Structures are given as C-alpha cells and as structure tokens.
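Q: Have a look at this one before I ask anything.
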Amino acid sequence: SNVRPCVSIEGYKTPYTDVDLVTIRENTEGEYSGIEHTIVDGVVQSIKLITEDASRRIAEYAFEYARNNQRTSVTAVHKANIMRMSDGLFLRKCREVAENFKDVKFTEMYLDTVCLNMVQDPSQFDVLVMPNLYGDILSDLCAGLMGG
Numbered sequence: 001s002n003v004r005p006c007v008s009i010e011g012y013k014t015p016y017t018d019v020d021l022v023t024i025r026e027n028t029e030g031e032y033s034g035i036e037h038t039i040v041d042g043v044v045q046s047i048k049l050i051t052e053d054a055s056r057r058i059a060e061y062a063f064e065y066a067r068n069n070q071r072t073s074v075t076a077v078h079k080a081n082i083m084r085m086s087d088g089l090f091l092r093k094c095r096e097v098a099e100n101f102k103d104v105k106f107t108e109m110y111l112d113t114v115c116l117n118m119v120q121d122p123s124q125f126d127v128l129v130m131p132n133l134y135g136d137i138l139s140d141l142c143a144g145l146m147g148g
C-alpha cells in the first residue's frame, strides 16, 4: 500500500488551513500493472487488473489505519459507474470490509466528484482508499493543495 498524509502546516500560507487527510492507494495493480500490447498497427490495449485479494487487502489496511490513527471515516474512491467490473469489484470488497468496521464511517464517491469536492473543501475528507491510478492522481492533487 502507498500511504500519503496530506496535512496543513501551520505558518505555511496555502489556500487551505484545515486539511488533514490520508490517501491510501493500492500500488500493485490497476493500469500500472504493465499489461499492454499492440492489437494491430496503430492500436494499443492496456489492461486494468483488479483482484479480490488486493482489493480486500487495501480496504482492510485503510480501515485498520483509520481505527488505529483515530480517524473517523474511510471513503472508497472509484469509477464503478463506468468500469463496472473492475472498479465494481474494488468497491464490493470495500463494502464487505466496511461491515467489519462499524466504528468507522464508510462512504463511497466517484473519482471526479472527489476531485471537485477536494478543491472546494478538502477538510471534508479523512481517509481515502482507491485503486492505483486514482491514488497517483489524488496524491498529487493533495500535494498541490499544500503548496507542494
């Protein structure tokens, strides 16, 4: 897992002063699994790999992280509305794991909605868990919020 805290630094001038969130990214699968090939000249296919085991493992890690670090909520970031099978599997595993962590609030949100909400008010987020590519994008967005 790839864990990236995003916390406002007192005395450092940024547009936001109350950010305290953590992105947790699965970092062995997704579009970064390196499965690509040429179908025919001029056409390349890249495969997004999502497994039950890795999805469950990263979800469990996120909830345990939240519980062990006095965090109150975990948000699963996904695009299951478009990638119904791959992100759908990731989201199902997050939902299943959430059932074992009733003390941690669970929400789910589309990646694009998270980006919109994060630039409007990042303080609404606590722990966010997501597949590889989304974590790469969101962790950079978080760094930008902090002036990094």
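Residue numbers (full-length UniProt numbering): 1 to 148.
We treat Cβ as the ideally placed atom computed from N, Cα and C, and that holds for glycine.
Being a predicted model, the structure only gives us computed values, none of them experimental.
1. Ignoring anything shorter than 3 residues or poking outside the UniProt domain "Isopropylmalate dehydrogenase-like" (1-148), list the beta strand (DSSP E) runs there in chain order.
2. Sorry if obvious, but does the Cβ on Leu138 come closer than 7 Å to a heavy atom of the ligand MN?
3. Could you check whether Glu60 and Leu133 sit closer than 8 Å to each other, using their CB atoms as the reference points?
4. Gly34: buried (16+ other C-beta within 10 angstroms of its C-beta) or exposed?
5. Would the stretch 100-107 count as touching the stretch 61-78 if we require 3 or more Cβ pairs under 8 Å?
6. If you drop the 5 nearest sequence neighbours on each side, which residues of the same chain put their C-beta closer than 8 Å to that of His37?
A: A quick look at the data gives this:
1. 2-7, 20-25, 36-40, 43-46, 73-78, 105-110 and 127-130, all fully within the UniProt domain "Isopropylmalate dehydrogenase-like" (1-148).
2. Among the components of this structure there are no ligands whatsoever, and the ligand MN is therefore not found.
3. The Cβ-Cβ distance between Leu133 and Glu60 does not fall below 8 Å.
4. With fewer than 16 Cβ atoms within 10 Å of its Cβ, Gly34 is classed as exposed.
5. Cβ pair count under 8 Å is three or more, so yes.
6. For His37, where only same-chain residues beyond five positions count, the Cβ hits under 8 Å are Val44 and Gln45.
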